[in-house]
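Using full-length UniProt numbering, read the sequence shown as starting at 1 and increasing by one per residue. Built from N, CA and C at the ideal position, the CB exists for glycine as well. Before any comments, here is the structure.
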Amino acid sequence: MLALRFYNQRDIRLEKLPKPKPKKEEVLIKVTQAGISQTQINEFIEGPFFINKEPHPLTGKAIPLIPCQEYGGIIEDVGKGVDRSLIGKQVAVLPLISCGKCEHCLKGKENLCEKMAYHGLLGLDGGFAEYSVVNVKNIFPVEKEELLTFIEPILVGMNTFDIYRHYNGKEDFKEKKILILGAGPVGISVGAVWRDYVKADVVINDILSYRMKKAKEVGFRTVEKKELKKNSFDIVIDAAGMDPLSTQSAIVEGIDYIKKGGFLISVGSYFHPVEFIPSELTFNEKNIISSMAYSLKLIDELPEVLKSLRINFKTLIQEITLEKIIEEGYYRAEVEKESFVRIVVRC
Numbered sequence: 001m002l003a004l005r006f007y008n009q010r011d012i013r014l015e016k017l018p019k020p021k022p023k024k025e026e027v028l029i030k031v032t033q034a035g036i037s038q039t040q041i042n043e044f045i046e047g048p049f050f051i052n053k054e055p056h057p058l059t060g061k062a063i064p065l066i067p068c069q070e071y072g073g074i075i076e077d078v079g080k081g082v083d084r085s086l087i088g089k090q091v092a093v094l095p096l097i098s099c100g101k102c103e104h105c106l107k108g109k110e111n112l113c114e115k116m117a118y119h120g121l122l123g124l125d126g127g128f129a130e131y132s133v134v135n136v137k138n139i140f141p142v143e144k145e146e147l148l149t150f151i152e153p154i155l156v157g158m159n160t161f162d163i164y165r166h167y168n169g170k171e172d173f174k175e176k177k178i179l180i181l182g183a184g185p186v187g188i189s190v191g192a193v194w195r196d197y198v199k200a201d202v203v204i205n206d207i208l209s210y211r212m213k214k215a216k217e218v219g220f221r222t223v224e225k226k227e228l229k230k231n232s233f234d235i236v237i238d239a240a241g242m243d244p245l246s247t248q249s250a251i252v253e254g255i256d257y258i259k260k261g262g263f264l265i266s267v268g269s270y271f272h273p274v275e276f277i278p279s280e281l282t283f284n285e286k287n288i289i290s291s292m293a294y295s296l297k298l299i300d301e302l303p304e305v306l307k308s309l310r311i312n313f314k315t316l317i318q319e320i321t322l323e324k325i326i327e328e329g330y331y332r333a334e335v336e337k338e339s340f341v342r343i344v345v346r347c
């Protein structure tokens, strides 16, 4: 099969590999859609950060690794112990694997597992290949193909809400003003969860005009940076993270926009220091909380969340072929950010 493998910083290679075979409790997926995320671009430009060089403690796998944590396709074969009626079903991959034994797993926080693995990012191959083998527990049935690369970002969005509930309990969110910083796949997904499922008042900002335009097209209210006022939002969610080619830091800017006593939820990835004055938080009781991936309990809530979403995800997608993933995928995502929201590799 054809697959892209990550070897090191700026060293990714299209290679021919043996077609994998599903083992016990596994399914073989013919990958149809695989999304290019900013995390993978950061790994390519400056990494590896998440991608592990040494053998993973849970899986034993190290680089070279097939990237992509946001993907899915059609089940082509199953291993021993798996119902064969699954063959032919369209599924998204749920990338998180946990040990199930550490203190975090026992508390239902598998996303903090001491030995966590993540398909396409940490200790497990991912979706930039014609085929992928995953445990049967790591699939989620999806009717609409365009949702395949958004299931993981939607779970990430659900986790931001779950984290906030942990600190604040049940509230009336209809009166809450939410600002999403970043209108990429994660920002759109996070915004959709808060707007459509949580029923909060959501606006989105991005420094890229094309992404602001697409956010409007799928029904979001957008706000230009010059219109943002300090101390205006109950919750600011940083879904932008680090851009190696930008000098702006959404997490620092976000602090200014929170009301006194409000919350900034950090979702985007940063691999370098950022500067802010802690007293700006202390004197105003502004709070920063972090949200990492998703916990497994949220999967049970996922069907209800998906039913609530009012977004045509198809309009956000631009497809390329696996053969052109380096030039039209990675290189384009690095230098032509004004031209896309979601690049999907048709494997």
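Using 10 angstroms around the beta-carbon of residue i, count the other beta-carbons present and answer buried if the total reaches 16, otherwise exposed.
i: histidine 119; result: buried
i: leucine 94; result: buried
i: leucine 106; result: exposed
i: glutamine 9; result: exposed
i: threonine 135; result: A small fix is needed here, since residue 135 is asparagine in this sequence, not threonine. Classification of asparagine 135: buried, given that the 10 Å Cβ count is 16 or more.
i: isoleucine 12; result: buried
i: glutamine 248; result: exposed
i: lysine 144; result: exposed
i: valine 218; result: buried
i: proline 153; result: buried
i: proline 18; result: exposed
i: proline 185; result: buried
i: glutamine 33; result: buried
i: phenylalanine 6; result: buried
i: glycine 187; result: buried
i: proline 22; result: buried
i: isoleucine 343; result: buried
i: serine 339; result: exposed
i: aspartate 234; result: buried
i: tyrosine 167; result: exposed
i: arginine 84; result: exposed
Where does residue i fall in DSSP's three states?
i: glycine 184; result: coil
i: histidine 119; result: strand
i: glutamate 15; result: strand
i: glycine 35; result: strand
i: aspartate 256; result: helix
i: glutamate 338; result: helix
i: leucine 296; result: coil
i: aspartate 172; result: coil
i: proline 133; result: Position check: residue 133 holds valine in this sequence, whereas proline was assumed. Valine 133: strand per DSSP, three-state reduction.
i: aspartate 162; result: helix
i: glycine 262; result: strand
i: leucine 148; result: coil
Could you check where the beta strand (DSSP E) with residue i kicks off and where it finishes?
i: serine 279; result: Element bounds for serine 279: not the beta strand (DSSP E) but the alpha helix (DSSP H), 278-282.
i: proline 141; result: 139-141
i: lysine 216; result: Per DSSP, lysine 216 belongs to no beta strand (DSSP E); it is in the alpha helix (DSSP H), 209-217.
i: alanine 333; result: Per DSSP, alanine 333 belongs to no beta strand (DSSP E); it is in the alpha helix (DSSP H), 332-335.
i: phenylalanine 6; result: 2-8
i: phenylalanine 233; result: 233-238
i: glutamate 76; result: 71-78
i: alanine 92; result: 90-93
i: aspartate 125; result: Careful: aspartate 125 lies outside any beta strand (DSSP E) and carries neither H nor E.
Grab the span of the alpha helix (DSSP H) containing residue i for me, first residue to last.
i: glutamate 319; result: It is not in any alpha helix (DSSP H) - glutamate 319 instead sits in the beta strand (DSSP E) that spans 317-321.
i: tyrosine 197; result: First-last for tyrosine 197: undefined, no H or E at that position.
i: phenylalanine 49; result: Run containing phenylalanine 49: none; DSSP gives neither H nor E here.
i: glutamate 103; result: 103-106
Check whether the Cβ of residue i sits closer than 8 angstroms to any heavy atom of the ligand GTP, and report yes or no.
i: leucine 4; result: The ligand GTP is absent from the structure shown, which contains no ligand whatsoever.
Open item on the list: Whether or not the segment 164-181 and the segment 61-70 are in contact is what I'm after, with contact meaning three or more pairs of Cβ atoms, one per stretch, closer than 8 angstroms; do they touch?
Closed with: no
- [ ] Could you tell me whether the segment 39-52 touches the segment 326-341, using the rule of 3 or more Cβ pairs below 8 angstroms?
- [x] yes
Open item on the list: Within 8 angstroms, do at least three Cβ pairs link the segment 318-327 to the segment 201-212?
Closed with: no
Open item on the list: Using 8 angstroms as the cut-off, can you tell me whether the segment 282-289 makes contact with the segment 256-273, which would need three or more C-beta pairs spanning the two stretches below that distance?
Closed with: yes
TODO: Pair every Cβ in the segment 268-277 with every Cβ in the segment 216-231, then say whether three or more of these pairs are closer than 8 angstroms.
DONE: no
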